[in-house]
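In case it helps, the numbering used here puts the sequence shown at residues 1 to 382. A virtual CB, placed ideally from N, CA and C, is assigned to each residue, including glycine. This structure is a prediction, so every number in the text was calculated from the model and none was measured.
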Amino acid sequence: MQFSYSNPTRLHFGQGQIKTIAQEIPLDSNVLVIYGGGSIKKNGVYDQVADALKEHTWKEFSGVEPNPTKETLDKAITMAKEHNINFILAVGGGSVIDGSKFVAAAACYEGESWDIMVGKHTVTTAVPIGAILTLPATGSESNSGAVITKRETNDKLPFGSKAVQPLFAVLDPDVMKTLPERQLINGVVDAWVHTCEQYLTTPTSAKVQEGYAETLLRTLLDLGNRYDSRDSDEWRANLMWSANQALNGLIGTGVPQDWATHMIGHEFTALWQVDHGRSLAIVQPWLLRNQMDVKRAKLEQMGRNVFGLEAGDDLAERTIQAIEAFYHGLNVATQFGEHGMTHSEAVDTVVNQLDKHGMTALGENKAITLKQSREILEKALV
Ligand code: NZQ
Ligand code: ZN
């Protein structure tokens, strides 16, 4: 273990916390409030924001879509530049927060926004951001990453910079009450896979990171198994906090990280609009089997410490089956067939996308080359 660690996002967690934005955003700011397709207008969140910002000067940009596109966000970038915006408030799920990070970075750059995604521009400055989270899943509210899509070419790529990490985030579990079931389940799965990406590698001596990752996994497993209790303050608060803690940097500090499931999953979303969480459930079990030899010890540890499975030669495989059963229990599929192509065309299409995006040496050992990805896709696609 050797690292520098800081998570500078101030969190305001709990009911009624949206009003804290009045103090968090300097009164003399020119604020741009960015949101999505309008869920916040129906559930009272927009009204709470408007009330809290009644003394502030602010404009709004709506219409950021799930899996936010450069094409839409470019309009917000133009607006931010024209109106000298110097504070961005993102109100929504991962897509709105990620989109706001892209806008915040591109508003301080004179070149083409997509340069940020292809490494032509390294982001070192951005408009300051705050976030009001409405969908617990991605952890974007207190991390420095974002994933943006270029619709024109079906490219879905990540970027990261400390400059776009929100200064503060509001996590009020009450806002989850209007979430469609589909999105709630996506959140459980995404947070689960985030934890796995930073845990299911090789055994380490980092007791704190491993122990906390197991706590998060047991919590998410319990929430999934008690899905019938989802309409309760306790259930909502535990999901919101787990999803945040799963990707705020802590459990990944000083340990190997995988992320191959995410990189392959992103191609499913770019090509076929598969929801982010669902793309992960399709890829992960097959990837774990493909990498069984190097991941065996950690899969066995997860089997014992998360699922409470008995020892045995087939423990790693039984752990993967338990993960699949967890997804199936939430009605989440672990294979995908709605691509409208033949099986071999679909496999080739994803492999070509991975190649185009430079995703040719994935995972903690950089051992998932296009050959391994192809083997994984042969199983994940039907
Ligand atoms: O647009 P609105 O009308 O707000 O509706 C949204 C959207 O249709 C709706 N919704 C959100 N909060 C709601 C609500 N509906 C009713 N009540 C509420 N309280 O939910 C739909 C999906 O929202 P979205 O933001 O797309 O979902 P999610 O939070 O799962 O974000 C997914 C995006 O985040 C990226 C994914 O790739 C994907 O683009 N990720 C970002 C990460 C990060 N920054 O660290 C890591 C993740 O691995 C992930 O890749
Ligand atoms: Zn994710």
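Outcome for residue i when other beta-carbon atoms lying within 10 angstroms are tallied against a minimum of 16
i      : result
Leu27  : exposed
Thr202 : exposed
Met117 : buried
Phe61  : buried
Gly308 : exposed
Asn364 : Correcting the residue type first, residue 364 is Glu in the shown sequence and not Asn. Under this definition Glu364 is a buried residue.
Pro8   : exposed
Gln335 : exposed
Gly345 : This sequence places Glu at residue 345; Gly is not what is there. Answer is exposed; the Cβ neighbour count stays below 16.
Met302 : buried
Gln209 : buried
Val347 : buried
Gly358 : exposed
Ser4   : exposed
Helix, strand or coil at residue i according to DSSP, with G and I counted as helix
i      : result
Arg10  : strand
Tyr46  : helix
Lys120 : coil
Tyr109 : coil
Lys150 : strand
Asp172 : coil
Asp155 : strand
Tyr5   : coil
Glu65  : coil
Leu354 : helix
Tyr327 : helix
Leu133 : strand
Thr78  : helix
Tyr35  : strand
Thr253 : coil
Presumed contact (8 Å Cβ cut-off) between residue i and residue j, rounded CB distance
i      : j      : result
Pro128 : Leu179 : Not a contact, Cβ separation roughly 28 Å.
Leu89  : Gly130 : 5 Å
Asp172 : Gly16  : 7 Å
Gln291 : Gly252 : Not a contact, Cβ separation roughly 18 Å.
Gly36  : Gly111 : Not a contact, Cβ separation roughly 27 Å.
Leu53  : Ile21  : 7 Å
Ser113 : Asp155 : Their Cβ separation, rounded to whole angstroms, is 13 Å, which puts Ser113 and Asp155 out of contact at 8 Å.
C-beta atoms of residue i and residue j nearer than 7 Å
i      : j      : result
Phe102 : Ile148 : yes
Val175 : Thr134 : yes
Thr69  : Arg182 : no
Ala270 : Leu11  : no
Asn143 : Asn225 : no
Ser140 : Gly187 : no
Leu223 : Asn238 : yes
Ala213 : Met1   : no
Leu287 : Ile320 : no
Gln353 : Glu267 : yes
| query | Between the segment 193 to 207 and the segment 260 to 269, do three or more beta carbon pairs fall short of 8 Å? | reply | yes
| query | Is the segment 38 to 48 in contact with the segment 76 to 89, if contact means three or more CB pairs nearer than 8 Å? | reply | No, the segment 38 to 48 is not in contact with the segment 76 to 89.
| message | Measuring CB atoms only, is the segment 313 to 333 touching the segment 277 to 293, in the sense that at least three cross pairs come out at less than 8 Å? | response | yes
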